[in-house]
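Under the numbering used here, the first residue of the sequence shown carries the number 2, and numbering increases by one thereafter.
The C-beta atom is built at its ideal place from N, Cα and C for all residues, glycine as well.
These figures come from a predicted structure and were not determined experimentally.
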Amino acid sequence: MSKHILGILCSGRGSNMQSIMAAISSGQIKAEIGIVITDKPEARALQAAAEAGIRSVCVNRRECVDQQAFEERLVSELKAAGVTLVVLAGFMRILSPYFVESYRHRILNIHPSLLPAFGGAHAHRDVLAYGTRVSGCTIHFVDEGMDHGPIILQDTVPVLDGDTEDTLAARVLAKEHILYPKAIELFVDGRLELLDDRHVRIKE
Ligand code: GAR
């Protein structure tokens, strides 16, 4: 079986991208990264990928006439790099049905809450405002809904008295760095079976 080629999309820091790179280096994930794409020229992930010798490009949304043109450029970069699995790692843009259809069932996302609770761009703030005692992170397949597709893995962390957005985010991020490589490992090893539009079975 030929190796999966990952296309990683990031908007900022890229710490999840780096945890995936480390898991490839260690042999946990038997795949390679074909390309890293950011939507912002200043994204730190861009430089980190380039330093690791990975093809990295910025597709600047502001330089595209509309969302369709932006996504067509993303898809064309991904296809040109031979990408077989798209990994959204802190990519802070909503993707349209056109993009989802281009890589149907082959797009993963990480979200820093226990979906379906606290979707959206301010998960930690919303968790603290609501007062839940646990939070966590979710890896899911991407479908047309925001933070909506079938869930692959979740893990929890406690929410502690006195937590701020930063302390909670750091506790969740430590879990993200373990969970995302694990989910990608399951995908590339062919161990994820989509039973229907909500349920994923993990094969032994
Ligand atoms: C991560 O916490 C990720 O879960 C979150 O952005 C952060 C990116 O950090 N994603 C979302 O909020 C998506 N809605 P990173 O750039 O260091 O990986």
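{"Asked": "Just how far apart, CA to CA, sit Y104 and V189?", "Found": "15 Å"}
{"Asked": "Quick check on I9 - is its C-beta less than 7 Å from some C-beta in chain B?", "Found": "Absence of chain B from the displayed structure is noted, only one protein chain being present."}
{"Asked": "Can you tell which of Q29, H200, V58, G191 has its C-alpha closest to the C-alpha of C11?", "Found": "V58"}
{"Asked": "I'd like to confirm something about H106: is its beta-carbon nearer than 6 Å to some heavy atom of the ligand GAR, or not?", "Found": "no"}
{"Asked": "The ligand GAR and S16: does the residue's C-beta get closer than 6 Å to at least one heavy atom of that ligand?", "Found": "yes"}
{"Asked": "Could you give the residue range of the beta strand (DSSP E) that holds L89?", "Found": "86–89"}
{"Asked": "CB-CB under 7 Å to I152, same chain, minus the five flanking residues each way: which ones, in chain order?", "Found": "L116, T139, H141, V201"}
{"Asked": "Rounded to whole angstroms, what is the Cα-Cα separation between Q278 and P159?", "Found": "The question about residue 278 has no answer, for the chain in this structure spans 2 to 205."}
{"Asked": "Run the proximity test for G13: is its beta-carbon closer than 6 Å to any non-hydrogen atom belonging to the ligand GAR?", "Found": "yes"}
{"Asked": "Can you give, in chain order, each stretch of the alpha helix (DSSP H) that sits fully within the segment 34–66 and has at least 4 residues?", "Found": "45–52"}
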